[in-house]
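In this note's numbering, the protein residues as written are 8 to 145. Following: one structure in structure tokens, then a few remarks.
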């Protein structure tokens, strides 16, 4: 991403964060925040990724609320950021945190089913059953 696109992304995030939080409060969503803003190469489209915490609504429902308010949000961006044309706003739910949690859960399951346990992170200590099998083979 170019330096100009990074600056505009940062400005859009700063300008829209309070508005998205306000929309979340008005609709009893809980807490909503912008995680990332990615600009297209020609700066005509801003892909806005958001997170939800303690939400009573699904991410799809809140995305619909944001899409209904897209015109107002775009006019706020146009009034706050000097550009030839205000970018089109597209909203996406950022499920990175959920994916990380699912991955951690899978890793925890693998560790529980593993035939050895990590001891202080640098050596592997095998369970007694496996050690006995190894001794019997030798």
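Each residue gets a CB set at the ideal place from its N, CA and C atoms; glycine is no exception.
Following the DSSP letters along the chain, one finds residue 55 inside the beta strand (DSSP E) bounded by residues 52–60. One Cα belongs to residue 26, the other to residue 80, and the distance between them is close to 8 Å. Counting C-beta atoms within 10 angstroms of its own C-beta, residue 36 has 16 or more neighbours from the protein chains shown and is therefore classed as buried. Counting only residues of its own chain and dropping the five nearest sequence neighbours on each side, residue 102 has no CB closer than 7 Å to any other CB. Taking a contact as a CB-CB distance under 8 Å, the pair residue 43 and residue 56 counts as one, their CB atoms being some 4 Å apart. When only Cα atoms are considered, residue 41 and residue 29 end up about 12 Å apart. At the C-beta level, residue 50 and residue 85 stay beyond 8 Å of one another. Within the model, the alpha-carbon separation for residue 139 versus residue 58 is close to 50 Å.
With 16 or more other CB atoms across the displayed protein chains lying within 10 angstroms of its CB, residue 16 is buried. Apart from sequence neighbours up to five positions away, the residues of its chain that approach residue 95 with a beta-carbon distance below 6 Å are 52, ordered along the chain.
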